[in-house]
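Chains as they are written, first to last, in my numbering: chain F, 130 to 498; chain U, 701 to 1017.
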């Protein structure tokens, strides 16, 4: 019988028989007591802050003036902030010369980053998992450990190690030089040129050679810059992230593969399907929920890329590694424009949410086929 | 997948060839990828025992044999013995990097990291399992609503909370304090759901039997339910510990103003930020090794739980 709401080791031996109603009441009190600590923490440090972000995105607070001073008005000229309506959003999204605010630059960089990393890491993770899962393969445990190990390390440590590997006379350049004797040394850490731009340049295609359209500006960024791809430095950060995350995703795929009952495959063998047909028609469809999960966490993770940018490039060179998450930090803490940073964060939230929904629809439609 | 679909004589020649070479190709691919995953760490450990000029001159050398034709000069201007190694392979590691990072207060950061990780882990084990149990087993007013609120917080990206958390902690006066880090992170939605799922998976006859014996809910929870939940608690403990050991962003926002409260990732990032033009790789690599070592040891001991934990969630950090 649930008798009291305080922990006690004494067993209530001779209590009066409680009614159903009082038993329910006891259970309610116990339930609320059990959930209270976690609920309060989540409310105070996640829900309330999120609402606060929405509120401050409509103000011009600098993040420094004490909020106790209240809203600036005629009676209170020393207040902390004033309401500016949607001005922060307007400045980020619409206003002429919004290049200075960097939102579209950050959006472009982030989208290249996401579209580069998510498909590659998903594909690699699936491929490696399928290979490791083959029956004849020995030392499964070793490979699983080797692939998973990078996932346990701090993003800051990985960023420092990769910076070092990719320095001009670092191991990556040394290795490439050893493999390809006529390799032109790349300054990975400080190269703002887009990789698509570089690739087209190999065929003599440049912004000037393709015609005037390339110089047209959309949201203060030239069309040519929109399509010139992630910069070489961004490519290096993309390689880093793919390298770190693939192992985690592989372990998830491997667990899902091992959950597919073997009689499913056996039935296909009996029907005379070959390995490729089995992979395409059985393994991939059965893994669809896992793929949905892997792509979703991939999207959510890559849209938030921050630590690596902070350590490696601070958004440079020439803003080519400026991501939305880094922009949130920089405008809030470096430029002391907390209101605008909050607005950027709200936009990022909307973007991540939208992408997740689109992705969900896409995957569930495919699942019906 | 195996390719033993049909008896070999019935297979078209193409598939027979594929079947023959597939194991070799597979093994080659796996070994290349495994090397790519492991070698960066091997080189990091090797180079952390070299002085800065030696790292620049011979990063590819596995065994630290300074000075590789360059002279290692210690910060005090002491030239490290150069003749000892010329021509012969002598194991002569330099610990400059380690000495310098400890001089830069790395010991304190390691202590802070341990405090944050352990205390947050213990609080999460308590709060998440209590909340998970309440959601799984108990009926109380508003339980549906509370369930959806907690589920909703799971979808808030942590970067989005960067600014608002700063605002709240500033209002509470908890910026640059231990409790600022610890209380903020003392419960998490992922852990609550992990525990909820686990409690739902165990039959409630055991609790009913205990209830008939007259044990109250609290005694029952701590004496009977929690001991059964050891596998889930272990997975949660490891996940939480790993996440907090590596937590950079929250440390940056909450204790970024006080170097004596930094954790290891924030300390390392600050060292890098302060180093200007000449990057002091021997320090960064030594710091990286010290930051990674405790987690690596835990990983090799509790490997099974890491892998189980990731298959539960796939979330990192």
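Heads up, the beta-carbon is just placed ideally off N, CA and C, and yes, glycines get one too.
Problem - Extent of the continuous alpha helix (DSSP H) run through residue 449 of chain F - result: Numbered from 1 along the first chain, position 320 holds the residue referred to as residue 449 of chain F. Where residue 449 of chain F is concerned, there is no enclosing alpha helix (DSSP H), because DSSP gives it neither an H nor an E.
Problem - Where residue 148 of chain F falls: helix, strand or coil (DSSP) - result: Walking along the first chain from the start, residue 148 of chain F turns up at place 19. Shown here, residue 148 of chain F sits in coil according to DSSP, grouped into three states, outside any helix or strand.
Problem - Residues sharing a beta bridge with residue 160 of chain F, DSSP - result: On the first chain, position 31 is the one that residue 160 of chain F refers to. The bridge partners DSSP lists for residue 160 of chain F come to none.
Exercise for the section: Quick one: using the 10 Å Cβ neighbour count with 16 as the cut-off for buried, is residue 359 of chain F buried or exposed? Expected result: Along the first chain, one-based indexing puts residue 359 of chain F at 230. The residue in question, residue 359 of chain F, is buried, as its Cβ has 16 or more Cβ neighbours within 10 Å.
Practice task
Would you check if the region 436–454 of chain F and the region 821–840 of chain U touch, i.e. whether three or more CB-CB distances between them fall below 8 Å?
Solution key: Verdict: no, contact absent.
Exercise for the section: Compute the minimum distance between the beta carbon of residue 167 of chain F and the heavy atoms of the ligand MN, and state whether it is under 8 Å. Expected result: Ligands displayed in this structure: none; no statement on the ligand MN is therefore possible.
Practice task
State the CB to CB distance for the pair residue 217 of chain F and residue 469 of chain F, rounded to an integer number of angstroms; the pair is presumed to be in contact (CB under 8 Å).
Solution key: Taking the first chain and counting its residues from 1, one reaches residue 217 of chain F at position 88. Taking the first chain and counting its residues from 1, one reaches residue 469 of chain F at position 340. Going by Cβ atoms, the distance from residue 217 of chain F to residue 469 of chain F rounds to 5 Å, so yes, they are a contact pair.
Practice task
Please name the residues in the region 815–841 of chain U whose beta-carbon is closer than 8 Å to at least one beta-carbon of chain F, in chain order.
Solution key: From the region 815–841 of chain U, only 826, 827, 828, 830, 831, 833, 834, 835, 838, 839, 840 and 841 have a Cβ closer than 8 Å to chain F.
Practice task
For chain U, find out if any of its Cβ atoms is closer than 9 Å to the Cβ of residue 153 of chain F; answer yes or no.
Solution key: What you label residue 153 of chain F is simply residue 24 of the first chain in a count that begins at 1. It does; some Cβ of chain U falls within 9 Å.
Exercise for the section: Quick one: give me the first and last residue of the alpha helix (DSSP H) that residue 733 of chain U is part of. Expected result: Residue 733 of chain U sits at position 33 when you count from the first residue of the second chain. Unbroken alpha helix (DSSP H) run through residue 733 of chain U: 713–748.
Handout entry: C-alpha distance - residue 235 of chain F paired with residue 448 of chain F, whole-angstrom precision
Key = Stepping through the first chain from its first residue, residue 235 of chain F is reached at position 106. Stepping through the first chain from its first residue, residue 448 of chain F is reached at position 319. The alpha-carbon atoms of residue 235 of chain F and residue 448 of chain F are separated by roughly 8 Å.
Practice task
For residue 160 of chain F, return the contacting residues in chain U, with the cut-off set at a CB-CB distance below 8 Å.
Solution key: Locating residue 160 of chain F in the first chain gives position 31, where the first residue counts as 1. Contacts between residue 160 of chain F and chain U, judged by CB atoms closer than 8 Å, involve 834, 838, 839, 840 and 843 in chain order.
Practice task
Measure the alpha-carbon distance for residue 734 of chain U versus residue 420 of chain F and round it to whole angstroms.
Solution key: Numbered from its first residue, the second chain carries residue 734 of chain U at position 34. Numbered from its first residue, the first chain carries residue 420 of chain F at position 291. Note on geometry: alpha-carbon atoms of residue 734 of chain U and residue 420 of chain F lie some 23 Å from one another.
Problem - Contacts of residue 740 of chain U in chain F (Cβ-Cβ under 7 Å) - result: As a first step, residue 740 of chain U is located in the second chain; it is residue number 40 there, counting from the start. Going along chain F in sequence order, the residues near residue 740 of chain U (Cβ under 7 Å) are 290 and 294.
Practice task
Report the residues of the region 858–880 of chain U with a CB closer than 9 Å to any CB of chain F, ordered along the chain.
Solution key: Of all residues in the region 858–880 of chain U, the ones placed with a Cβ closer than 9 Å to any Cβ belonging to chain F are 858, 859, 860, 861, 862, 863, 864, 865, 866, 867, 868, 869, 870, 871 and 872, in chain order.
Handout entry: Where residue 901 of chain U falls: helix, strand or coil (DSSP)
Key = Translated into the one-based positions of the second chain, residue 901 of chain U becomes position 201. In this structure, residue 901 of chain U counts as helix in the three-state DSSP scheme.
Exercise for the section: Enumerate in chain order the residues of its own chain whose CB-to-CB distance from residue 501 of chain F is below 7 Å, with the five nearest sequence positions on each side excluded. Expected result: The structure shown does not extend to residue 501 of chain F, since chain F spans only 130 to 498, so no value can be given for it.
Handout entry: Top-ranked residue by Cα proximity to residue 672 of chain U, from U:727, U:715, U:721 and U:797
Key = In the structure displayed, chain U extends from 701 to 1017; residue 672 of chain U sits before or after that span and is not available.
Practice task
Please decide whether residue 928 of chain U counts as near chain F, where near means a Cβ-Cβ distance under 9 Å.
Solution key: Sequence index remark: in the second chain, residue 928 of chain U carries index 228 (1-based). Interface flag for residue 928 of chain U against chain F is unset, since no Cβ pair is found closer than 9 Å.
Problem - Straight-line Cα distance separating residue 319 of chain F from residue 326 of chain F - result: For the purposes of this step, residue 326 of chain F is taken as residue 197 along the first chain, with counting starting at 1. For the purposes of this step, residue 319 of chain F is taken as residue 190 along the first chain, with counting starting at 1. For residue 326 of chain F and residue 319 of chain F, the distance between alpha carbons rounds to 16 Å.
Handout entry: Nearest neighbour of residue 1000 of chain U, chosen from F:209, F:277, F:342 and F:249 [CA to CA]
Key = Sequence index remark: in the second chain, residue 1000 of chain U carries index 300 (1-based). For the residues F:209, F:277, F:342 and F:249, the minimum Cα distance to residue 1000 of chain U belongs to F:277.
Handout entry: Stretch-stretch touch, CB-based, cutoff 8 Å, three pairs: the region 280–295 of chain F with the region 447–465 of chain F
Key = These segments do not touch.
Exercise for the section: Determine the contact status of residue 436 of chain F and residue 965 of chain U, defining contact as a CB-CB distance below 9 Å. Expected result: As a working mapping, residue 436 of chain F is identified with position 307 in the first chain. As a working mapping, residue 965 of chain U is identified with position 265 in the second chain. Yes. Within cutoff.
Handout entry: Start and end residues, alpha helix (DSSP H) containing residue 986 of chain U
Key = In the second chain, the residue the question calls residue 986 of chain U occupies position 286. Looking at the DSSP string, the run of the alpha helix (DSSP H) that includes residue 986 of chain U is 981–1001.
Exercise for the section: Report yes if the CB atom of residue 167 of chain F is closer than 9 Å to the CB atom of residue 892 of chain U, and no otherwise. Expected result: In the first chain, the residue the question calls residue 167 of chain F occupies position 38. In the second chain, the residue the question calls residue 892 of chain U occupies position 192. Result yes, Cβ atoms of residue 167 of chain F and residue 892 of chain U sit closer than 9 Å.
Problem - CA nearest to the CA of residue 721 of chain U, picked from F:198, F:265 and F:271 - result: Translated into the one-based positions of the second chain, residue 721 of chain U becomes position 21. Out of F:198, F:265 and F:271, the CA that lies nearest to the CA of residue 721 of chain U is found in F:265.
Practice task
Following the continuous alpha helix (DSSP H) through residue 353 of chain F, name the residue where it begins and the one where it ends.
Solution key: Start at 1 with the first residue of the first chain, and residue 353 of chain F comes out as number 224. Here the alpha helix (DSSP H) through residue 353 of chain F covers 352–356.
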